[in-house]
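Trainee: Would you mind keeping the following structure in view while I ask a few things?
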Amino acid sequence: MVGWRIAALALVAVALGVAGIGCPAGKDSPPSILLRNVDLAVGDLALQSVGKELDADSSKVLLYFNVLTEGSKQDPDVILSSENLDFMEAPNSIQLTGDFTGNDLYVSDYFTDVVAIWRDYRDLNAKGFSSPQPDVLIEEEVCDPFEILVVDNRLYVSNTYGDCFEQGGKQPVDGYVSVYDNAGAIVEGGGDLPTIMFDVPHAQGIAVVNDTLYVAAYSFCCGFDTGSVYVFDNMTQRLADVQLPPKGGDPYAPSAVLSDDSFLNLPDLSPVRVDVFGNRLYVTTNEGILFVFDNADSLIDGQAPSAVIAPTTGTVGYAGDMKMLDNTLYVANDGGLDKAYDIGMTAFRPGLAIQSGQNALVSFSVSNSQIPWVSGFAAERDVLFAATGGFDCCNYMGDVHIFYDADTLSIPRPADFVLPALKDFVNPISIDTNDFVTSEPTP
38 MVGWRIAALA LVAVALGVAG IGCPAGKDSP PSILLRNVDL AVGDLALQSV
88 GKELDADSSK VLLYFNVLTE GSKQDPDVIL SSENLDFMEA PNSIQLTGDF
138 TGNDLYVSDY FTDVVAIWRD YRDLNAKGFS SPQPDVLIEE EVCDPFEILV
188 VDNRLYVSNT YGDCFEQGGK QPVDGYVSVY DNAGAIVEGG GDLPTIMFDV
238 PHAQGIAVVN DTLYVAAYSF CCGFDTGSVY VFDNMTQRLA DVQLPPKGGD
288 PYAPSAVLSD DSFLNLPDLS PVRVDVFGNR LYVTTNEGIL FVFDNADSLI
338 DGQAPSAVIA PTTGTVGYAG DMKMLDNTLY VANDGGLDKA YDIGMTAFRP
388 GLAIQSGQNA LVSFSVSNSQ IPWVSGFAAE RDVLFAATGG FDCCNYMGDV
438 HIFYDADTLS IPRPADFVLP ALKDFVNPIS IDTNDFVTSE PTP
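Everything in the sequence shown is counted per the numbering used here, starting at 38 for the first residue and increasing by one.
In structure tokens form, the structure reads like this:
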């Protein structure tokens, strides 16, 4: 399967992404002036076999400022490369912040077990392309990080395993989520240890909505026949209880666990990604089945799903990322089901009121939109960003596809413009965006 995917994507990337055949021309400006300050970060796993003339053997993070104003041929404003950063090997999760904590860049690296933080990322371009060192490098209590989030000035890190603690004399654990309070104030040697850690077996994707943490957990341990979703409500109280005499009960215990009956007792099924839209919890899995649970703010143990979408009806992607744009739900296929059908991502409308058996409104594939699979989404207002790299092996190539008016798309089509592979990056495995706050829109 890997050989097929490499060959297919190489043809797509070279014939379509580089030459631009069949691709719409990049637009000079986004549909709204409100989107002119959008910045994009891309995590590139690189490709060892392409050639050093493209710097393709160097993993990197690339920053594009005002990305929606320049089209397909734009150059990145900042490149943070493994040529100068020893810890940069697999930048698998990225966060660009734009709230009261400042406009900062957070990057986790799955291979080197770190989280790097660059403060005021827009100032990095003044330092040139020399890959400035991060302001903070968190190494303690980070182990195979799957996803990071910065929400309400807190840094959340889901750690898949604990094996990397064995050499340090600590007991290995099955997985956990670490939370760092006051993320904007973390400095080297201060605040770079977790405020609280939650034991979650083989923690995968995470979401934080309305002060509640949701964690997908893989299935092959801990007594469950299926994977699970762990829920930790009232994070503010939990963080207070670990620093002061507890007032809210056990701060480490989950408020609910969804498992077994919640996932129809399907053997070998494991949740991979979670998110909350309209007070409903959405869970994608390794079997390409989407589960939806009502009342996300008051879930109970073993709660039954309110909607189930299977590949045979809705063509949901394998272990895919999710984004909701207005009432349109996008679900990514990261490649695990490419033998069954040639679909990179699907769109469901209505997405907020999705029902069991609902068919996808639009399916995007290589043939109709040049999208073979999607490693991650980002979104700003009605603009969808889709990265088509692959994490399973270092021999993928992929682009970043950018769709305007994604909330109202009703037919499959190529993106409005594409940042192509083999120009500045090779294999985008993570992306994020930030609507940079300035007093005046960038002209």
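Backbone N, C-alpha and C define an ideal beta-carbon position, used for all residues, glycine too.
I'd like the list of long-range same chain contacts for I468, defined as Cβ closer than 6 angstroms, with 5 residues on each side in sequence excluded.
Mentor: So the qualifying residues of the chain are V79, G413, A415, F422 and A424.
Trainee: Mind checking whether the beta-carbon of W155 lies closer than 7 angstroms to any heavy atom of the ligand MN?
Mentor: The ligand content of the structure shown is nil, which means the ligand MN is not present either.
Trainee: Do P238 and A254 have their C-beta atoms within less than 8 angstroms of each other?
Mentor: Yes, the pair counts as a contact, with Cβ atoms nearer than the cut-off.
Trainee: Alpha carbon to alpha carbon, what distance is there between E126 and I466?
Mentor: Straight-line Cα distance between these residues: approximately 12 angstroms.
Trainee: Can you say whether N471 is buried or exposed, counting buried as having 16 or more other CB atoms within 10 angstroms of its CB?
Mentor: With 16 or more Cβ atoms within 10 Å of its Cβ, N471 is classed as buried.
Trainee: Pick helix, strand or coil for L91, following the three-state DSSP scheme.
Mentor: Note on L91: pLDDT 48, under 50, position unreliable in the model; no value is reported.
Trainee: Check this for me: beta carbons of D444 and D363, under 8 angstroms apart or not?
Mentor: In contact: D444 and D363 (Cβ atoms closer than 8 angstroms).
Trainee: In this structure, does DSSP put D21 in helix, strand or coil?
Mentor: There is no way to answer for residue 21, as the model of the chain reaches only from 38 to 480.
Trainee: Go ahead and pull the three-state DSSP assignment for L100.
Mentor: Residue state, collapsed to three classes: strand.
Trainee: Tell me whether K110 is buried or exposed, calling it buried when 16 or more other Cβ atoms sit within 10 Å of its Cβ.
Mentor: It counts as exposed.
Trainee: Can you list, in chain order, the residues of its chain with a C-beta nearer than 6 angstroms to that of L318? Leave out the 5 residues immediately preceding and following it.
Mentor: Hits under 6 angstroms: F330 and A333.
Trainee: Contact check, D211 vs L276 under 8 angstroms by CB: the rounded distance?
Mentor: Wrong, their Cβ atoms sit about 23 angstroms apart, outside the cutoff.
Trainee: List the DSSP bridge partners of E417.
Mentor: Per DSSP, V420.
Trainee: Just how far apart, CA to CA, sit P128 and L456?
Mentor: P128 and L456: Cα-Cα distance of roughly 18 angstroms.
Trainee: Beta carbon of G388, beta carbon of F440: below 8 angstroms?
Mentor: In this structure, F440 does not lie closer than 8 angstroms to G388 by Cβ.
Trainee: Counting C-beta neighbours from all protein chains within 10 Å, is the total for S95 16 or more, i.e. buried, or is it exposed?
Mentor: So S95 counts as buried.
Trainee: Could you check the C-alpha separation between I135 and S118 for me, to the nearest Å?
Mentor: For clarity, residue 135 is Gly in the given sequence; the question names Ile instead. About 23 angstroms.
Trainee: Look up V411 in the DSSP assignment and say whether it is helix, strand or coil.
Mentor: Coil at V411, not helix or strand.
Trainee: Alpha carbon to alpha carbon, how far is E176 from L446?
Mentor: Taking the straight line from one Cα to the other gives about 43 angstroms.
Trainee: When the Cα atoms are used, what is the spatial distance from V420 to T365?
Mentor: One C-alpha to the other measures close to 12 angstroms.
Trainee: Can you give the Cα-Cα distance for L46 and G228, rounded to whole angstroms?
Mentor: For L46, the predicted model reports a pLDDT of 35, less than 50, meaning its position is unreliable and no value from the coordinates is stated.
Trainee: Express the C-alpha separation of G242 and V399 in angstroms, rounding to a whole number.
Mentor: Using only the alpha carbons, I get a separation of about 25 angstroms.
Trainee: With a CB to CB cut of under 7 angstroms and the five nearest residues on each side skipped, what residues in its chain are close to R156?
Mentor: Closer than 7 angstroms at Cβ, skipping near neighbours: G139, D141 and D172.
Trainee: Where does D375 fall in DSSP's three states?
Mentor: Because D375 sits at a pLDDT of 44, beneath the cut-off of 50, its placement in the model cannot be relied upon, and the following sentence gives the value as read from the coordinates. Reduced to three states, the DSSP call for D375 is coil.
Trainee: Using a Cβ cut-off of 8 angstroms (strictly closer), state whether G427 contacts chain D.
Mentor: In summary, chain D is missing from the structure at hand, where a single protein chain is found.
Trainee: According to DSSP, is D114 helix, strand or coil?
Mentor: Reduced to three states, the DSSP call for D114 is coil.
Trainee: Can you grab the Cα-Cα spacing for the pair S215 / Y267, in whole Å?
Mentor: If I take the Cα positions, the gap works out to 14 angstroms.
Trainee: Closest to Y213 by CA distance: which of R310, V224, A220 and A240 is it?
Mentor: Of the listed residues, the one whose Cα sits closest to Y213 is A240.
Trainee: Consult DSSP for R275 and reduce its assignment to one of helix, strand or coil.
Mentor: In the structure shown, R275 sits in a helix (DSSP, three-state: H, G or I).
Trainee: How long is the line joining the alpha carbons of F102 and S145, rounded to whole angstroms?
Mentor: Going by the C-alpha atoms only, they are around 21 angstroms apart.
Trainee: Taking all protein chains shown into account, do 16 or more other C-beta atoms lie within 10 angstroms of the C-beta of Y143, making it buried, or fewer, making it exposed?
Mentor: Y143 is buried by the Cβ-count criterion.
Trainee: Is it buried or exposed for L32, if we count other Cβ within 10 angstroms and need 16 for buried?
Mentor: Because the chain spans 38 through 480 in this model, residue 32 falls outside it and cannot be assessed.
Trainee: DSSP three-state label for L159, please.
Mentor: Checking the sequence shown, residue 159 turns out to be Arg, not Leu. R159 falls in the helix class under three-state DSSP.
Trainee: Between D442 and the rest of its own chain, which residues show a CB-CB distance below 6 angstroms, the 5 nearest in sequence each way excluded?
Mentor: Closer than 6 angstroms at Cβ, skipping near neighbours: D419.
Trainee: Return the CA-CA distance between D236 and Y289, expressed in angstroms with no decimal places.
Mentor: So the two alpha carbons sit approximately 8 angstroms from each other.
Trainee: So who's on the other strand from Y143, going by DSSP bridges?
Mentor: Q132 and I154.
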